[in-house]
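Engineer: The following block contains the structure, expressed as structure tokens.
Here is the structure:
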């Protein structure tokens with residue numbers, strides 16, 4: 013059973029997704045040649061000059077080494093066939109009511125839509141929230157049940173360990189693998205921490221069918237919300253180890269009144285206008 017978190021009843025406005033604005037929550041995957049460019053992406057010619065290869069369009073780092081279970085994770089590639097969501101009407105506006113938020117604390121999660129024309133009357137809604145400051149261990153994550161696991165406190169290294177560093181001890185059989193970090197393994201933003209979602213700073217973005225997104229590790233987000241006329245097939249890539257609270261954590265959103273909702277506006281006006289450019 014997911015813990016509950018309370019917030020005020022209100023409506024926030026969705027906006028067309030922008031890589032810079034979305035950056036605190038993850039990355040937008042799109043063709044820089046047709047979407048005004050993406051900062052810091054490099055390109056090369058490929059396939060005997062018949063293709064342009066954009067380098068490292070998103071970051072996929074495995075953070076499961078920080079999980080309490082210590083169970084290794086493997087890359088998982090799944091498909092989600094997401095049907096259009098039913099919208100509510102509030103003061104003449106079409107709104108989506110946010111009832112669940114989830115996060116994947118030790119892995120990014122990438123969504124790549126398939127077969128959606130950029131001019132089609134179909135898009136999807138991404139709802140994200142920043143993470144509140146980490147609660148103390150004594151607070152047991154503010155008393156919510158089940159309390160989410162907090163990382164184990166790091167023990168201070170002894171003087172001997174600091175002097176030896178990552179080198180094996182020549183006087184014992186302790187030839188453990190080097191602990192020197194691999195620079196290639198340090199790419200990608202760090203997880204967001206173990207705090208709860210800050211619902212006062214909820215953001216919502218409308219994303220076109222020719223754009224993919226990656227949620228950063230630990231980013232609180234709503235389950236995928238498809239808007240429009242037809243389902244969208246998403247290829248979803250992430251790390252998983254099969255431990256429920258390592259792979260996915262959820263909270264239920266409680267409010268008094270009409271609930272916490274997102275005004276999706278006019279789909280053509282917000283999500284499709286750029287597709288006609």
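In the numbering used here, the protein residues as written are 13 to 289.
Glycine included, every Cβ here is placed at the ideal spot set by N, Cα and C.
State the Cα-Cα distance for the pair residue 269 and residue 19, rounded to the nearest angstrom.
Structural biologist: As a position in the chain shown, residue 269 is number 257, starting the count at 1. As a position in the chain shown, residue 19 is number 7, starting the count at 1. One C-alpha to the other measures close to 11 angstroms.
Engineer: Please classify residue 238 as buried or exposed, where buried requires at least 16 neighbouring CB atoms within 10 angstroms.
Structural biologist: In the chain shown, the residue the question calls residue 238 occupies position 226. Buried.
Engineer: Less than 8 angstroms between the CB atoms is what I'm expecting for residue 47 and residue 140, so what's the real figure, rounded?
Structural biologist: Here residue 47 is taken as the residue at index 35 of the chain shown, counted from 1. Here residue 140 is taken as the residue at index 128 of the chain shown, counted from 1. Going by Cβ atoms, the distance from residue 47 to residue 140 rounds to 20 angstroms, so no, they are not a contact pair.
Engineer: Tell whether a beta-carbon distance below 8 angstroms holds between residue 114 and residue 235.
Structural biologist: Start at 1 with the first residue of the chain shown, and residue 114 comes out as number 102. Start at 1 with the first residue of the chain shown, and residue 235 comes out as number 223. In this structure, residue 235 lies closer than 8 angstroms to residue 114 by Cβ.
Engineer: Which class does residue 38 belong to by DSSP, given the choice of helix, strand or coil?
Structural biologist: Mapped onto the chain shown, residue 38 falls at position 26. Reduced to three states, the DSSP call for residue 38 is strand.
Engineer: What residues match up with residue 128 in a beta bridge as DSSP calls it?
Structural biologist: Taking the first residue of the chain shown as 1, we reach residue 128 at position 116. DSSP lists no partner for residue 128.
Engineer: Kindly indicate which three-state DSSP category residue 266 falls into: helix, strand or coil?
Structural biologist: Position 254 of the chain shown, counted from the first residue, corresponds to residue 266. In this structure, residue 266 counts as strand in the three-state DSSP scheme.
Engineer: Could you tell me the boundaries of the beta strand (DSSP E) in which residue 106 lies?
Structural biologist: Translated into the one-based positions of the chain shown, residue 106 becomes position 94. 105 to 109 is the span of the beta strand (DSSP E), which, as asked, contains residue 106.
Engineer: I'd like the list of long-range same chain contacts for residue 53, defined as Cβ closer than 8 angstroms, with 5 residues on each side in sequence excluded.
Structural biologist: What you label residue 53 is simply residue 41 of the chain shown in a count that begins at 1. 44, 66, 67, 68, 69.
Engineer: Do you know whose CA, among 204, 137, 144, 116, lies nearest residue 95's CA?
Structural biologist: As a first step, residue 95 is located in the chain shown; it is residue number 83 there, counting from the start. The candidate whose alpha carbon is nearest that of residue 95 is 137.
Engineer: What do you get for residue 263, buried or exposed, if any count of 16 or more other CB atoms within 10 angstroms of its CB means buried?
Structural biologist: Walking along the chain shown from the start, residue 263 turns up at place 251. Classification of residue 263: buried, given that the 10 Å Cβ count is 16 or more.
Engineer: In the DSSP output, what is residue 144 paired with across the bridge?
Structural biologist: Taking the first residue of the chain shown as 1, we reach residue 144 at position 132. Partner(s): none; residue 144 has no beta bridge.
Engineer: At the level of alpha carbons, what is the spacing between residue 256 and residue 82?
Structural biologist: Looking up residue 256 in the chain shown gives position 244. Looking up residue 82 in the chain shown gives position 70. C-alpha separation (whole angstroms): 13 angstroms.
Engineer: How would you call residue 206, buried or exposed, if buried means at least 16 neighbouring beta carbons within 10 angstroms?
Structural biologist: Here residue 206 corresponds to residue number 194 of the chain shown, with the count starting at 1. That one is buried.
Engineer: Using the Cα positions of residue 79 and residue 203, report the straight-line distance between them to the nearest angstrom.
Structural biologist: Indexing the chain shown from 1 puts residue 79 at position 67. Indexing the chain shown from 1 puts residue 203 at position 191. Straight-line Cα distance between these residues: approximately 11 angstroms.
Engineer: Let me make sure I understand the geometry here. Which of 219, 145, 97 has the alpha-carbon closest to that of residue 209?
Structural biologist: Sequence index remark: in the chain shown, residue 209 carries index 197 (1-based). Checked all of 219, 145, 97; the closest Cα to residue 209 is 145.
Engineer: With distances taken Cα to Cα, identify the nearest neighbour of residue 107 among 223, 231, 22.
Structural biologist: Counting from 1 along the chain shown, the entry for residue 107 is found at position 95. Per the Cα distances, 22.
Engineer: Would you report the Cα separation of residue 197 and residue 101, rounded to the nearest angstrom?
Structural biologist: For the purposes of this step, residue 197 is taken as the residue at position 185 of the chain shown. For the purposes of this step, residue 101 is taken as the residue at position 89 of the chain shown. A caution first: residue 197 carries a pLDDT of 42, below 50, which makes its placement in the model too unreliable to give a value.
Engineer: For residue 19, which of helix, strand or coil comes out of DSSP?
Structural biologist: Taking the chain shown and counting its residues from 1, one reaches residue 19 at position 7. Residue 19: coil per DSSP, three-state reduction.
Engineer: When you compare the CB positions of residue 26 and residue 249, do they come within less than 8 angstroms of one another, or not?
Structural biologist: The residue labelled residue 26 in the question sits at position 14 within the chain shown. The residue labelled residue 249 in the question sits at position 237 within the chain shown. The answer is no: Cβ separation not under 8 angstroms.
Engineer: Does the separation of the CB atoms of residue 259 and residue 252 fall below 8 angstroms?
Structural biologist: Start at 1 with the first residue of the chain shown, and residue 259 comes out as number 247. Start at 1 with the first residue of the chain shown, and residue 252 comes out as number 240. Their beta carbons are under 8 angstroms apart, which means residue 259 touches residue 252 by this criterion.
Engineer: By alpha-carbon positions, which one of 241, 266, 240, 213 ends up nearest to residue 37?
Structural biologist: Within the chain shown, numbered from 1, the residue matching residue 37 stands at position 25. Nearest C-alpha to residue 37: 213.
Engineer: What is the rounded straight-line gap between the Cα of residue 15 and the Cα of residue 111?
Structural biologist: Counting from 1 along the chain shown, the entry for residue 15 is found at position 3. Counting from 1 along the chain shown, the entry for residue 111 is found at position 99. Answer to the nearest angstrom: the Cα atoms are 12 angstroms apart.
Engineer: Indicate whether residue 92 and residue 225 have their beta-carbon atoms separated by less than 8 angstroms.
Structural biologist: Along the chain shown, one-based indexing puts residue 92 at 80. Along the chain shown, one-based indexing puts residue 225 at 213. Cβ atoms of residue 92 and residue 225: not closer than 8 angstroms.
Engineer: Give me, in chain order, the residues of the same chain whose beta-carbon lies closer than 6 angstroms to that of residue 41; leave out the 5 immediate sequence neighbours on both sides.
Structural biologist: As a first step, residue 41 must be located in the chain shown, where it is residue number 29. 69, 70, 224.
Engineer: Using the three-state DSSP reduction, which class does residue 27 fall into: helix, strand or coil?
Structural biologist: In the chain shown, residue 27 corresponds to position 15, counting from 1. DSSP places residue 27 in strand when its eight states are reduced to three.
Engineer: Tell me residue 94's beta-bridge partners as DSSP assigns them.
Structural biologist: Within the chain shown, numbered from 1, the residue matching residue 94 stands at position 82. DSSP lists 244 as partners of residue 94.
Engineer: In this structure, does DSSP put residue 239 in helix, strand or coil?
Structural biologist: Indexing the chain shown from 1 puts residue 239 at position 227. If DSSP states are grouped into helix, strand and coil, residue 239 belongs with the strands.
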